[in-house]
Amino acid sequence: MARARGAIVPLAMLVFLVAFPTLVGFAGGGVTLAARILVLGLFGLGVDLLFGFTGLLSFGQAAFYGTGGFVAGYLLIHHIVPSTILALAIGMLVAAVAGLVVGSLALRQVGVYFAMLTLAFSQLFYFLDNSPLRELTGGENGLPGVPRAEVFGIHFSSLQETYAFIAIVYFIGFVVMRRIVASPFGHVLRAILDNPIRAAAAGHDVYRYKLVAFTIAAAYAGLAGGLLGLFQGYLPPDMFTIDQSGQIIVMEVIGGPGTLVGPLIGATVWIYLSQVLQNIGAIGSLWKLVLGLVFVLLITGFRRGIAGGVSTFLQQWQRREPAPVPSE
Amino acid sequence: MPLLEARSLTKRFGGLVAVDGVSLSVEPLTVTALIGPNGAGKTTFFRMLAGEFEPTSGDVYFKGERITQLGVTRVAQLGIAKSFQVTQIFPKLSVAENALIPALAATRGPFKLDAFGAVSRSRDAHAIVERVLTQVGLSERRAARADDLSYGEKRRLELALALATEPEVLLLDEPSAGMSPEETRTIVDLLGTLRAGVTIVIVEHDMDVVFGLADRIVVLQDGRQIAEGTASEIRANKRVQDAYLGGVA
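Sequence order for the protein chains is S and D. Heads up, our numbering is the position in the first sequence plus 714, with the first residue counted as 1. Heads up, our numbering is the position in the second sequence plus 509, with the first residue counted as 1.
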């Protein structure tokens, strides 16, 4: 029974992922839009582990998103690695190692100083991408020509098939992350979020737990970066920018930190609003101003993001009307 | 051999000498009380014992091993737990989850990458949670969010968090601070049952608690030790009476 109940959320997610392109279609978007949202949702799963579960605010996650994307893309474009899965895995691994190195230095500080260090490191990565490594990364032109996914002879060549591939990877990433946050390891992370002083006094090595959380988040960012190349066929240098790091934080916060689905909701809201607003003639070039105002309203209105707000509302609604809840 | 020993610990904060060459020797399964007026350096001394502060000079020994620079996490892992004067709980977690965190540290060590493990399988940790919640009388409140507890319940949870690390030495920084007389009585009764299994060092202002529990009493004033002895010796000590007790005893 407990096992059956534990499968409800993954099943619901599976149904959602199958229906998502159609839902996006009803709302006037294409399958590309759905794929882009899933990539950001996967990127955001790592950010949620870091911010929503451990309390670490990093402004440098774009560094790992770009690293994973460019490593996987480069390997595939130049046919150095034949397998899509292997290229994604190497990109993810390189991003994780980068996360381990950056984290081991940045996590020696806490709070604002930690955030500033992550920002500084991501600027370093941006510079590396644009100048010393431009022969490899294409500099400001980016990397074109990333081939579509191919796994065990199965070609994911159309956009729909590419969406399916990304959805499968997202689903695995989601299930794995659910497992991580429910583990004893995940419990210690939540304790660090709630009261790091007490967590250390209880006998937990807070620095090492944070470092592993940071590394996992970097791995998720790297994997998401690799997927972006697969459906876009092109890796833009702005994957490395502060703007990208900031966007994923905003998606996390408006979607709902500590909920896992929050970043997916946040990404949907972000991408929709930016597309819809740009197409309204009266708003036109002011779309970013309006987007900013909407976010201010969302963040002040929902203290725990949209997902947190909905779950609070449901809990209160259940408490007020216990009658319609079916007995078990 | 004493279980816990401090050798002439000194702590300076800039020009201020908070603790000035204080030594302490704690035998196993005894209760030692640290008393003294506000600002005597009791809490600073405690924080050095627990590894929260590094002393400016002097050393701390546990079972004959020097633990001075180990830091709070490793000191906790060795078996020294401290309850905080200002309650340090996990406000957003439930009461049972609160106790589970130190219990996981006791059963898993300072770090373990069991990211795919199941919490329900940590039987030893759950057994500790059950035991300490029963000890402090919070079993009924296990599902409550820690933030929603009353002040007295929070102080008991604070004690439970220290107990759940399964310590050999329990450092208690004013466990009865701000409690009503009845709540204080519960704490004293609890410490009376705990003392059979754990060595206790306690900082306390309530003299009834101190004289009722302590085998030995150490008196601090302005960062220095001015007296040490049994309850009756301390009561009779003229210097202590002048400095602190003010004719109460």
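Even for Gly, the Cβ is constructed at its ideal location relative to N, Cα and C.
* Asked: What number of angstroms, rounded off, separates the C-alpha of R630 (chain D) from the C-alpha of E966 (chain S)?
  -> C-alpha separation (whole angstroms): 31 Å.
* In chain S, which residues lie less than 8 Å from G626 (chain D) when you measure between Cβ atoms? -> Neighbours of G626 (chain D) on chain S, chain order: S897, P898 and F899.
* Can you tell me which of the three DSSP states F522 (chain D) falls into? => Looking at F522 (chain D) - three-state DSSP - the assignment turns out to be strand.
* Below-7 Å beta-carbon distance, I911 (chain S) vs any chain D residue -> So, interface residue.
* Using a beta-carbon distance below 7 Å, is G917 (chain S) in contact with chain D? -> Taking Cβ atoms only, chain D reaches closer than 7 Å to G917 (chain S), which makes this a yes.
* **Touching by the beta-carbon criterion (3+ pairs, under 8 Å), the segment 729-745 of chain D and the segment 661-681 of chain D** => Short answer: they don't touch.
* Contacting positions in the segment 717-729 of chain D - beta carbon closer than 8 Å to chain S -> Against chain S - using a Cβ distance shorter than 8 Å - the segment 717-729 of chain D contributes no residues.
* Can you tell me whether DSSP reads V975 (chain S) as helix, strand or coil? -> Residue state, collapsed to three classes: coil.
* To do: Work out the CA separation of P950 (chain S) and Q874 (chain S) for me, nearest whole Å.
  => Q874 (chain S) and P950 (chain S): Cα-Cα distance of roughly 22 Å.
* Would a C-beta distance cut-off of 7 Å place V795 (chain S) and A803 (chain S) closer than the cut-off? -> One thing to note: V795 (chain S) has its Cβ no nearer than 7 Å to the Cβ of A803 (chain S).
* Close beta carbons around G780 (chain S), own chain, < 7 Å, minus the five adjacent residues each side -> Cβ neighbours of G780 (chain S) within its own chain (closer than 7 Å, five residues either side excluded): F839, D843, G939, M953 and F954.
* To do: Report yes if the C-beta distance between L1005 (chain S) and I997 (chain S) is below 7 Å; otherwise report no.
  => Cβ atoms of L1005 (chain S) and I997 (chain S): not closer than 7 Å.
* **Between the CA atoms of V865 (chain S) and A881 (chain S) - distance to the nearest angstrom** => Roughly 14 Å separates the two Cα atoms.
* Asked: Name the DSSP beta bridge partners of R733 (chain D), please?
  -> Note: R733 (chain D) sits in a beta bridge opposite D:Q730.
* Work out the CA separation of F734 (chain S) and T1092 (chain S) for me, nearest whole Å. => It is not possible to answer for residue 1092 (chain S), since the shown part of chain S is limited to 715 through 1042.
* Which residues in the same chain as P977 (chain S) place their Cβ atom closer than 8 Å to its Cβ, once the five residues preceding and following it in sequence are excluded? -> Within the same chain, Cβ atoms closer than 8 Å to the Cβ of P977 (chain S) are found at L754, G755, F757, G758, L759, V761, D762, I962, M965, E966 and G969, the five residues on either side in sequence being excluded.
* Asked: Comparing the CB of S534 (chain D) with every heavy atom of the ligand FAD, is any distance shorter than 6 Å?
  -> Questions concerning the ligand FAD fall outside what the structure shown contains, since it holds no ligand whatsoever.
* To do: Enumerate in chain order the residues of its own chain whose CB-to-CB distance from G805 (chain S) is below 6 Å, with the five nearest sequence positions on each side excluded.
  => Residues G782, V785, A786, G936 and G940 of the same chain have their beta carbon placed closer than 6 Å to that of G805 (chain S), with the five preceding and five following residues left out of the count.
* Who are the Cβ neighbours of A590 (chain D) in its own chain at under 6 Å, not counting the five residues just before and after it? -> Short of 6 Å from the beta carbon of A590 (chain D), and not among the five residues preceding or following it, lie these beta carbons of its own chain, in chain order: A671, T674, P676 and L679.
* Asked: Thinking just about the alpha-carbon of each residue, which of D:T541, D:G530, D:S603 and D:F599 is nearest to the one in D568 (chain D)?
  -> Among D:T541, D:G530, D:S603 and D:F599, the Cα nearest to that of D568 (chain D) belongs to D:G530.
* To do: Within 10 angstroms of the Cβ of H901 (chain S), are there 16 or more other Cβ atoms? Answer buried if so, exposed if not.
  => Counting the other Cβ atoms within 10 Å of the Cβ of H901 (chain S) gives 16 or more, which makes it buried.
* With 16 other Cβ atoms within 10 Å as the buried cut-off, status of K747 (chain D) -> It is exposed - the Cβ of K747 (chain D) has fewer than 16 other Cβ atoms within 10 Å.
* To do: With 7 Å as the C-beta to C-beta threshold (strictly closer), list the residues of the segment 553-583 of chain D near chain S in chain order.
  => Listed by position, the residues of the segment 553-583 of chain D near chain S (Cβ gap below 7 Å) are V581 and T582.
* To the nearest angstrom, how far is it from the Cα of S648 (chain D) to the Cα of L609 (chain D)? -> Each residue's alpha carbon lies about 13 Å from the other.
* To do: Tell me whether the beta-carbon of T973 (chain S) lies closer than 7 Å to the beta-carbon of A1021 (chain S).
  => Contact flag set, yes.
* Asked: What three-state label does DSSP hand G738 (chain D) in the structure shown?
  -> Note: G738 (chain D) maps to strand in three-state DSSP.
* Asked: Pairing CB atoms from the segment 515-524 of chain D with CB atoms from the segment 679-693 of chain D, are three or more of them under 8 Å?
  -> Taking one beta carbon from each stretch, the segment 515-524 of chain D and the segment 679-693 of chain D have fewer than 3 pairs nearer than 8 Å; the two do not touch.
* To do: Assign E683 (chain D) to one of two classes, buried (16 or more other C-beta atoms within 10 Å of its C-beta) or exposed (fewer than that).
  => With 16 or more other Cβ atoms inside 10 Å of its own Cβ, E683 (chain D) counts as buried.
* **chain S contact for S592 (chain D) (CB, 7 Å cutoff)** => S592 (chain D) does not count as touching chain S.
* Asked: What residue from D:E737, D:S741 and D:I735 has the CA that sits closest to G721 (chain D)'s CA?
  -> Comparing alpha-carbon positions, the option among D:E737, D:S741 and D:I735 lying closest to G721 (chain D) turns out to be D:S741.
* Does any CB atom of chain D fall closer than 7 Å to the CB of D762 (chain S)? -> Not flagged as an interface residue toward chain D: D762 (chain S), since no C-beta distance is shorter than 7 Å.
* Specify whether the segment 708-723 of chain D and the segment 536-543 of chain D touch according to this definition: at least 3 beta carbon pairs, one from each stretch, less than 8 Å apart. => Output reads yes: the segment 536-543 of chain D touches the segment 708-723 of chain D.
* Asked: If you run the structure through DSSP and keep just helix, strand and coil, what is F866 (chain S)?
  -> In the three-state DSSP reduction, F866 (chain S) falls in the coil class, being neither helix nor strand.
* Asked: Any idea what DSSP makes of K924 (chain S), helix, strand or coil?
  -> Three-state result, K924 (chain S): helix.
* To the nearest angstrom, report how far apart A559 (chain D) and A549 (chain D) are at their CA atoms. => Rounded to whole angstroms, A559 (chain D) to A549 (chain D) spans 18 Å at the Cα level.
* Who are the near neighbours of F778 (chain S) in its chain, counting only those whose CB is closer than 7 Å to its CB and skipping five residues on each side? -> Taken in chain order, the residues that qualify are A809, A812, G813, A932, A935 and G936.
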